[in-house]
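Number of protein chains: 2
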Amino acid sequence: MYRYEEKNYDPLSQLKNESIFMVGNGYVGVRGAFEEGYPSGDSIRGSYINGLYDRVEMIHAEKAVGLPKEYDKQPKIADTQTCIVYLDGEPAQLVNTKYKNYNRYIDYDNGETVRSYEFITRSNKKAYLKFRRLASFVYYNVVAYKIEVIYDGEIALLSVIDGDVTTYADPNDPRISSEQKQLLKVKDLGENADISYLLMNTSNTNLSQATIVKHIVLSENEYAIENSIKETKIETMITSNFHLTLDKVCVFTDSLRYADPLRSANDILEHLSYENYETLLEIQKNYLRDFWHNSGIKIYGNENDQKSIRFMQYQLLQNVGIDPYSNVSAKGLSGEGYEGHYFWDTEIYIFPVLVANQPQRAKSLLEYRYNILDSARNRALELGHRKGAAYPWRTISGIECSGYFPASTAQYHINADIAYAFYIYYLYSEDTVFMVEKGLEVIFETARIWLQIGNFSGDVFHIHEVTGPDEYTAIVSDNYYTNMMAKFNLEKAYELYNYFSEIENETISEKFRVLIEKINLSEEEINLMKNASDNILLLYDNNLGVYSQDSTFLEKPLWDLGSDKRPLLLYYHPLTIYRYQILKQADVVLAHLLLEEYAELEKMENSYKYYENITTHDSSLSYCIYGIMASRYGFLEKAYNYFIQSVSLDIHDTHQNTKDGLHLANIGGTVLSVIQGFAGLRLSENTLILRPSVPQQWQGYNFKINYKDCIIEIDVTNQININLLEGNEITIKIYGQEYLISNGNNINIPLQRGMCHD
Amino acid sequence: MYRYEEKNYDPLSQLKNESIFMVGNGYVGVRGAFEEGYPSGDSIRGSYINGLYDRVEMIHAEKAVGLPKEYDKQPKIADTQTCIVYLDGEPAQLVNTKYKNYNRYIDYDNGETVRSYEFITRSNKKAYLKFRRLASFVYYNVVAYKIEVIYDGEIALLSVIDGDVTTYADPNDPRISSEQKQLLKVKDLGENADISYLLMNTSNTNLSQATIVKHIVLSENEYAIENSIKETKIETMITSNFHLTLDKVCVFTDSLRYADPLRSANDILEHLSYENYETLLEIQKNYLRDFWHNSGIKIYGNENDQKSIRFMQYQLLQNVGIDPYSNVSAKGLSGEGYEGHYFWDTEIYIFPVLVANQPQRAKSLLEYRYNILDSARNRALELGHRKGAAYPWRTISGIECSGYFPASTAQYHINADIAYAFYIYYLYSEDTVFMVEKGLEVIFETARIWLQIGNFSGDVFHIHEVTGPDEYTAIVSDNYYTNMMAKFNLEKAYELYNYFSEIENETISEKFRVLIEKINLSEEEINLMKNASDNILLLYDNNLGVYSQDSTFLEKPLWDLGSDKRPLLLYYHPLTIYRYQILKQADVVLAHLLLEEYAELEKMENSYKYYENITTHDSSLSYCIYGIMASRYGFLEKAYNYFIQSVSLDIHDTHQNTKDGLHLANIGGTVLSVIQGFAGLRLSENTLILRPSVPQQWQGYNFKINYKDCIIEIDVTNQININLLEGNEITIKIYGQEYLISNGNNINIPLQRGMCHD
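First to last, the protein sequences are chains R and U.
So the working numbering is basically just the index in the first sequence, starting at one, shifted up by 79.
So the working numbering is basically just the index in the second sequence, starting at one, shifted up by 79.
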């Protein structure tokens, strides 16, 4: 039984812990604000629905063609958290010296957060308070609260559904919006005995969101319940004595997914009419039993790290979108940083976790990208391209929502990142139907852009005016990561075109023909893609023996302005940062994680050492990549340290902005640190590749992979055991040697220590 | 007698002609709006004071360190233009078919604009109307109007001083503000018989501006005069019969220059108490007689071009700042484009005209730059530099006012452009006192920045992350123009340091010592400057045989998106534009105009041909440079065509935005097309250089140059005559041969045709 536990209440960690103790299920998320309110300190008292957005005007200091005039913004939805507790009329709150035995935890097995304490009233009487909440993993629309109070006196609970919700703002931090906005406004509200409802509307997008709350009172004693409707909220007052338990079952819907959200919310509530908190919890438990069994990573010999990995996997479960209307916000559903936008974080940091073990969830993320393909096509035209699709750097609904194009729109690599995810999904699933229906279209349309933003100069194909993952350098020529990913995108477009051109399945063949006609793709263009891919420049510096991040990067000076001011972006003008060899996050090193086949091992390792020295990790997307690649080169102590850095990022708030939400990419990356890092999982065309290593702080680890039709269990201690749990046979390359694993022919080979050359 | 004349009234050219027919004197400018108003069409009814500014919040779509949070904006001052004419109660306006014999002209000799027409009333009676106005070149605070009406009936003039003034906006054009602003607001107003006054205050900078108007009525008949005060304006109604003449003498002051602007305006008006329009015109005429005699460029054998050059010189006279509080706005005092900001246009396009012939005015422009040196020092710190000065790309008061740093703050070359102007002034004037008091400080402080934004990689000094003059490419490494200008800035800092270190004049020596101590400049730093200057990279491409605009420029593709959409900046996303070999304006070619000694002639000529082909001239700063450099290489037909393009820019509104104001840099550049272009004037350390040529459309030209203690007259026809008008002796290199010209030893040599190699 694993928990994340908080044993003391600390007002200074209040905001951070609202993120950590969020409950969510990929559809709805509720931050961990206190039901009874705080005596002091800030709160971002937010609940969010994945994919729901309003549009807000974007003002530019200087106009230019193709800059977004408006952007998507995730609204706060109605707040259902509040339940003020009165004890003989005195509000119970965590004022110093008035409480004891405070405790809060996330229960990864039950799928709830539980908080309890003893409160001492003015008249020195003791009350026992317990607050529980869950977001159902089975009924996505449901969040439930349970409030239990034991007190020898009058207990009154004031439960509130509040429609007066405003987004959070910080005028100084560029990662946070500058202005508070009331995006959803109350359109209708009402109550009927134990049911209250609130219908809200966005200001500009005309989307609506419904919230229905059912109050279920459990009391051995008599109780009174009374609703009162205010302008933007409904208050329910319940009074009783000695022992009062209130279940609040909340149903959330929205008009992206439901034609009539209020009606659908009603239907859902009706369907759940026999459920209360305890029964929902039972369903939750069952769900999680399966989840941990199928997907849980085990760490042997290190309880702390085992708990941390649970935390990470649990937060992914809570925050990753579950339908094609949504994706994964940079902060999931746990906060308002980056305004709820989806980035490449999904494809590079989160998707790889899911695709290896939860293919349906992975596929759903791709479906979302397919759904916004038309938006990406429009964006390509806006940018002056003649065809193809240019995926937005940040978005909810599909439009480009970036305010500063040199570190957003110029990051064309997102096109290849998305294509990469589709291709990896294909390697895992062999799902030719999905590919011909959706995947190929995305891969072809993204690949087309490279032919338009790249060009041959002599025999060499260059890409100019792009920004790589490292945002501390912008608008450069031949960014290594971009060129490598473009090479991949172009090459796979070419290969898939030829493969599907000759595929023998008639239905698929016909669908492919229709697709090619629809997007008007010629063999000439496809051959040009191959040519560009073959001749794209991947810069290598002979003197330093490292791959160069871009055409001028290695000519720049090393940072000499001190190391006390971090993150640099909060202290230095962008031009100052751009002028140095200083990285926010992995760039060349990340390219080598994704596409090692395009580079040479020794040069990759040299490059790793070079870039590691000049990387600030000011981005939360950095530690995990450096950690994974440290494993790749056998630097196990380093790999483990990076793993701990990744683990600490939110748990110890090392970037000091967990208040704005969990860092979902880092969370995905932490899980990848085991799978791709220590276990060294990679894919080639027809083979799983493993290069297992075990840090000395562990005795080993265990996880399962769904690959093609098989499920395999990988267990690494001093031995590497591979068990085929489902399916017929599978080829795995371990330390460079291929093994055929079939039913009853499990693999058991010794762990190699030291650098994992194939 | 030369005039610029408009023979028909065209409502569609109304806005453009308000710019063309502005009256100004470098301190105050009044657009040429009609006194009696328009029957239809847009108007930007503006008057402006040079250097006056308010501050406006700058909103960025995404925050970053060092982006301006507010910017300077030139306000409209009180409008004094309005004088509605009633004829038997009917307002006279230029409605179709109701007027005859319309005529308007700028009189370059009298220094006024005159407009007249005959108006036919409803009852078919004819009135004769004449409107004259001038901005005094002698009394800078004064603008005067004269309105004369002859009509057989009742004539009423409603003269207005209007304080309800709002700036112009265009939501689409990036060169124009997006939002109308009322920056100056009325604080006090009043009248006393023939005098009316208005005191206005800026909203944020707490600057004030006073306007006093004196009405002088000349009528053979009786007349009545009556003032009435409204909330934000004062109206004066004058009625008479048959023949009514009204002089409006307006005095403008501001609190930048006057402690009590209203009192000072009163004093000035008192001082002028005997002046009316005619006497002011007489003073104006005398001033212009001297001006044209001393500074007028003569073109032989082409009346049109002679007129055009007059237009250009006259507009410079009207729009160039006359005191150290002000400079030259991109649009002078003729409109609101670029919000009244000063750019490098001053130093590179306008200053060279003045320094050769009106040294005091040139010096005043430098004094302004010295006055904002502390602002530039602050800006350097904001940008993360440890010392030195970083001049703002655009400003009024000295703060950086740019909204988009890749095409502004990144244009570090403005530092060298300003240093260049100081140095050129020194070459012309040998003014060591000014240099030790102001010039050296600017040259040293600007040079310091190059050592901080540049770095050695091996033996080569690079400058990264800058933008050159060509804004269709941004944030590059080793921009040719920037590196060349930086080389100059560094070299001159070194040379001047050594020269002044050993200067024998004790006063100057002491001042120099104090300066070096004040700015804490070490010999080590100075030697580093020399080293950087000697080793800075000036890129040359061996294959193409041209100097490369930056480190990746020549690898990019040529523009292939058609030529129908111009200017590109209004049709394409910046990244699209940046990705091509396409220029907005001269970059490498401009470097060769300013610093030919750093390059080789043949390579320069090749480069010219190469870049000319790929330049859009979407910037108004481009034609003149290509024209001047066409002369340099002997392409006279081309040079003449560019001259005509420059001439046409405002006169024929070829960029379709003369409505926003005259293009002052182009105007300066047109004058330079004669002096630096056809005459080939350059400076070396101790010599004037000439390479005269005459386009076949002309018979020759004549102008005067003040050089060191001398004034010389240069007369070019088939002969080149150099007359020393003042001073002792002077060395001039003509076609590569040095001539010593002393009193009574004038030069007379034949014109060479063809390419002017030295």
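Heads up, the beta-carbon is just placed ideally off N, CA and C, and yes, glycines get one too.
The structure presented is a predicted model; accordingly, all values stated were derived computationally and were not measured.
- Just so you know, the alpha carbons of Glu114 (chain U) and Glu233 (chain U) end up roughly 19 Å apart.
- With fewer than 16 other Cβ atoms inside 10 Å of its own Cβ, Ser307 (chain U) counts as exposed.
- Counting along the chain, no beta strand (DSSP E) covers Leu462 (chain R), and no H or E run does either.
- Residues of chain R with a Cβ closer than 7 Å to the Cβ of His372 (chain U) do not exist; the shortest Cβ-Cβ separation is about 44 Å.
- Per the C-alpha coordinates, the member of U:Asn745, U:Phe100, U:Leu277 and U:Gly145 positioned closest to Lys312 (chain U) is U:Leu277.
- Given a length threshold of 3 residues, each whole run of the beta strand (DSSP E) inside the region 193 to 250 of chain R is given here in chain order: 205 to 214 and 221 to 241.
- Rounded to the nearest angstrom, the Cβ distance from Ile388 (chain U) to Val750 (chain U) is 7 Å, consistent with a contact under 8 Å.
- Secondary structure note for Leu433 (chain U): its alpha helix (DSSP H) is the uninterrupted segment Phe430 to Val434.
- For the alpha helix (DSSP H) assignment, the uninterrupted runs of no fewer than 4 residues enclosed by the region 377 to 446 of chain U are, from N- to C-terminal side, 382 to 398 and 430 to 434.
- By the rule that beta-carbons nearer than 8 Å mark a contact, Gly419 (chain U) does not touch chain R.
- Here the alpha carbon of Leu323 (chain U) sits roughly 41 Å from the alpha carbon of Ser256 (chain U).
- Along the region 463 to 488 of chain U, going in chain order, the ones with a CB nearer than 7 Å to a CB of chain R are Gly463, Gly482, Tyr483, Phe484, Pro485 and Thr488.
- Unbroken beta strand (DSSP E) stretches of 3 residues or longer found wholly inside the region 522 to 602 of chain U: 533 to 536 and 539 to 542, given in chain order.
- The beta carbon of Ser763 (chain R) sits closer than 6 Å to no other beta carbon from its chain once the five residues preceding and following it are set aside.
- Collapsing the DSSP output to three states places His350 (chain U) in a helix.
- Taking a C-beta cut-off of 9 Å against chain R, the contacting residues of the region 127 to 138 of chain U are Met137 and Ile138, listed in chain order.
- From the listed residues R:Tyr337, R:Arg645, R:Asp186 and R:Gly168, the smallest Cα separation to Asp231 (chain R) is found for R:Gly168.
- Interface residue (Cβ-Cβ distance to chain U less than 8 Å): Pro653 (chain R) is classified as such.
- Between Ala498 (chain R) and chain U, the shortest Cβ-Cβ separation is not below 8 Å.
- When Cβ pairs closer than 8 Å are counted between the two stretches, the region 242 to 251 of chain R is seen not to touch the region 371 to 379 of chain R, the count staying below three.
- Put simply, the region 442 to 452 of chain U touches the region 514 to 532 of chain U. At least three CB pairs are less than 8 Å apart.
- Rounded to whole angstroms, the gap between the alpha carbons of Gln490 (chain U) and Tyr428 (chain U) is 16 Å.
- Along the region 121 to 147 of chain R, the beta strand (DSSP E) occurs as fully enclosed runs of 3 or more residues at 126 to 128 and 133 to 136, listed in sequence order.
- The straight-line gap separating the alpha-carbon atoms of Val109 (chain U) and Val407 (chain U) is approximately 15 Å.
- For Met80 (chain R), the number of other beta carbons within 10 angstroms of its own is below 16, and it is reported as exposed.
- Around the beta-carbon of Ala272 (chain R), fewer than 16 other beta-carbon atoms lie within 10 Å, marking it exposed.
- Using a CB distance cut-off of 8 Å, Ala338 (chain U) does not count as an interface residue toward chain R.
- Here Arg658 (chain R) has Lys635 and Pro636 as same chain residues with Cβ atoms under 8 Å from its own Cβ, once five neighbours each way along the sequence are excluded.
- Minimum Cα-Cα distance from Leu760 (chain R) among the listed residues R:Lys204, R:Leu94 and R:Asn781 corresponds to R:Asn781.
- Not flagged as an interface residue toward chain U: Arg211 (chain R), since no C-beta distance is shorter than 8 Å.
- In the three-state reduction of the DSSP assignment, Thr488 (chain U) falls in the coil class, being assigned neither a helical nor a strand state.
- Ser556 (chain R) and Val545 (chain R) have their C-alpha atoms spaced approximately 7 Å apart.
- Looking at the backbone, the Cα of Ala553 (chain U) and that of Pro485 (chain U) are separated by about 6 Å.
- In summary, the residues of the region 141 to 159 of chain R whose CB is separated from some CB of chain U by less than 7 Å are Glu141, Lys142, Ala143, Val144 and Gly145, in the order they occur in the chain.
- Per the C-alpha coordinates, the member of R:Tyr470, R:Gln172, R:Lys644 and R:Leu804 positioned closest to Tyr117 (chain R) is R:Gln172.
- Excluding residues up to 5 positions away in sequence, Glu114, Arg194 and Ile226 lie with their Cβ nearer than 6 Å to the Cβ of Phe210 (chain U) in the same chain.
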